[in-house]
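Each residue of the sequence shown is one higher than the last, beginning at 10 in the working numbering.
Accompanying notes for the structure given below.
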Amino acid sequence: MSSATLQDDPSVDSFFNVVETETLALFEHLSFEFLEEFDVFAPAETGRTRDHEPPELMRGFLHCYYKDIYGIRPVERELRNTVVWLSCGFDRPPSRDAVDRFLTDLEHVVDEVFDHLVEQAALRGLLDLTYSIDSTDVRAMPADQDASKCYDPTNDEYYHGYGCTIVSTGQKIPIAAEFTESKQATEETAMRVTRDALAVAKPIWMVGDSAYDTLDWHDHLLAAGVVPVAPYNARNTDDPKDIEYRVEDRIEQHSEDVQLKQSTLDETYNRRTGVERTNESVKDCGLGRTHARGRVHARSQVFLALCLRLVIAITNYERGDNPGSTVITV
């Protein structure tokens with residue numbers, strides 16, 4: 010085919026139009042070849058090889074989630090688009106079985122994939138010294154029998170689905186998360202996610218709402234050299250303390266030298282809106298409503314949404330150094 014013929018070919022013209030779109034920018038600054046190191050993606054013992062490699066499928070899912078395309082069938086249909094599968098690195102469109110198998114296998118390592126991307130964000134200096142923790146709802150399809158009836162105290166309503174507890178920092182950067190049976194996370198979940206966040210890097214402040222007014226959470230953070238800021242919850246005591254934040258009482262009991270101004274605690278607590286913005290951004294990436302049946306696929310979709318948010322933040326950081334570059338939204 011001559012160059013003149015190529016220039017007149019509509020498919021080629023479409024390809025170069027798509028090259029300029031935002032989605033391809035997601036793949037410019039991050040390599041997903043590390044996925045090949047996970048045993049779960051290794052060829053079967055029978056000698057049968059995979060039809061498609063994990064990095065290609067990861068790029069395919071990120072593309073689809075960015076375009077608000079969810080579910081095995083819709084993703085498989087989108088990846089039939091010649092321009093899309095070429096730009097994601099496929100040598101041919103993946104089958105529905107390949108898409109479904111990847112999402113199922115990803116569940117076994119999705120936490121590690123998320124941790125890898127968090128590490129990439131940390132290496133770029135995208136984390137700051139204030140962490141915020143909060144739980145959010147994850148709505149499921151009515152046909153998902155693994156989901157349950159959950160209560161959302163924020164909106165005072167019930168919904169069918171799951172929950173997710175997230176620690177975030179910086180410009181809407183999720184750094185630790187746990188998929189839960191409902192929005193109301195247990196104290197055990199809060200402690201586990203908090204420990205995961207501190208393992209990334211140690212902040213100065215850790216902010217949560219009154220649901221995190223527990224002694225173990227406060228004492229764990231203080232022992233780690235982090236100041237917890239959560240409103241004092243007086244509803245479970247007959248003799249309430251005259252304090253606004255639990256940390257005031259913990260410092261009074263355990264330290265004679267440390268003092269924190271009320272205005273400083275108020276100012277720090279106001280930063281909690283950061284995690285709410287993170288939750289909304291991750292919902293825009295696909296966390297808000299799962300389009301997969303079953304807990305396994307639902308959890309994979311939630312963490313893929315978290316991964317997409319990280320990839321977008323890293324991409325914006327990298328492209329911000331290039332004059333005239335397009336900043337990706339979400």
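Just so it is clear, CB atoms sit at the ideal spot from N, CA and C, and this is done for glycine as well.
Since we're looking at a predicted model, the values are computed, not measured.
Figure out for me which residue from the options has the closest Cα to the Cα of residue i.
i    : options                : result
D77  : Q310, S157, D228       : Q310
P151 : H72, Y160, Y168        : Y168
A186 : L230, R82, S141        : S141
A220 : K211, P162, E166       : P162
D109 : L66, W94, F123, R255   : L66
R148 : G329, T113, R304, K250 : R304
Y171 : R302, A34, L35, F36    : R302
L231 : A194, D248, L207       : L207
L296 : A34, F188, H229, R244  : F188
F47  : D114, R298, R105, H229 : D114
H229 : T277, S96, E197        : E197
F123 : F41, I252, Y254        : F41
G80  : L274, M200, L112, E285 : L112
Y74  : R308, H306, D293       : D293
E257 : D275, R244, D248       : D275
L178 : T277, R308, H300       : The residue you asked about is not Leu; residue 178 is Thr in the sequence shown. Among T277, R308, H300, the Cα nearest to that of T178 is on T277.
Give the straight-line distance between the Cα atoms of residue i and residue j, rounded to the nearest whole angstrom.
i    : j    : result
D146 : G234 : 31 Å
L319 : S290 : 10 Å
T335 : V49  : Only weak support is given to the placement of T335: the predicted model assigns it a pLDDT of 45, under 50, and the question is left unresolved by the model.
T203 : T32  : 32 Å
R68  : P237 : 38 Å
P64  : E45  : 7 Å
M215 : D165 : 26 Å
P240 : S144 : 16 Å
T174 : W226 : 15 Å
A210 : K270 : 25 Å
T287 : P103 : 32 Å
E253 : H61  : 56 Å
R259 : V284 : 24 Å
R201 : R255 : 20 Å
V176 : P212 : 12 Å
T273 : D248 : 26 Å
D106 : H306 : 14 Å
A243 : A199 : 20 Å
Using C-beta distances below 8 Å, list every residue in its chain close to residue i, excluding the 5 sequence neighbours before and after it, in chain order.
i    : result
I323 : H38, L39, L126, Q129, A130, R133, L135
F99  : H61, E65, G69, L88
Can you name, in chain order, every residue of its own chain whose Cβ lies under 7 Å from the Cβ of residue i, other than the five neighbours on each side?
i    : result
V93  : H72, E87
L224 : none
F36  : R68
F43  : H125
For residue i, which residues in the same chain have their Cβ closer than 6 Å to its Cβ, ignoring the five residues on either side in sequence?
i    : result
G217 : I142, A239
S191 : C159, G172
A205 : The question names Ala, but residue 205 is Asp in the sequence shown. Here the set comprises A185.
A194 : S144, T174
R298 : R148
S96  : L33
R281 : S141, V216
K250 : D258
V27  : A caution first: V27 carries a pLDDT of 44, below 50, which makes its placement in the model unreliable, though a value can still be read off. So the list reads V92, once near-sequence residues are dropped.
Does residue i have its Cβ less than 8 Å from a Cβ in chain B?
i    : result
D153 : In summary, chain B is missing from the structure at hand, where a single protein chain is found.
Between the segment 179-186 and the segment 132-142, do three or more beta carbon pairs fall short of 8 Å?
Taking a contact to require three or more Cβ pairs closer than 8 Å, the segment 179-186 and the segment 132-142 qualify as touching.
Between the segment 113-128 and the segment 303-318, do at least 3 Cβ pairs fall closer than 8 Å?
In the pairwise beta carbon analysis, the segment 113-128 is classified as touching the segment 303-318: at least three pairs are separated by under 8 Å.
Note down, one range per segment and in chain order, each beta strand (DSSP E) of at least 3 residues found wholly within the segment 228-252.
Counting whole runs of 3 or more residues, the segment 228-252 contains the beta strand (DSSP E) stretches 236-238.
Is it true that the segment 151-162 meets the segment 86-103, where meeting means three or more beta-carbon pairs spaced less than 8 Å apart?
Per the Cβ contact rule, the segment 151-162 is not in contact with the segment 86-103 (fewer than 3 Cβ pairs under 8 Å).
Report the start-end ranges of each beta strand (DSSP E) in the segment 117-144 that is 3 residues or longer and not cut off at the edges.
Positions of the beta strand (DSSP E) runs, each at least 3 residues long and wholly inside the segment 117-144, cannot be given because no such run exists.
For the segment 64-110, list the alpha helix (DSSP H) runs that are entirely contained and at least 4 residues long, ordered along the chain.
Fully enclosed alpha helix (DSSP H) runs of 4 or longer: 81-87, 91-96.
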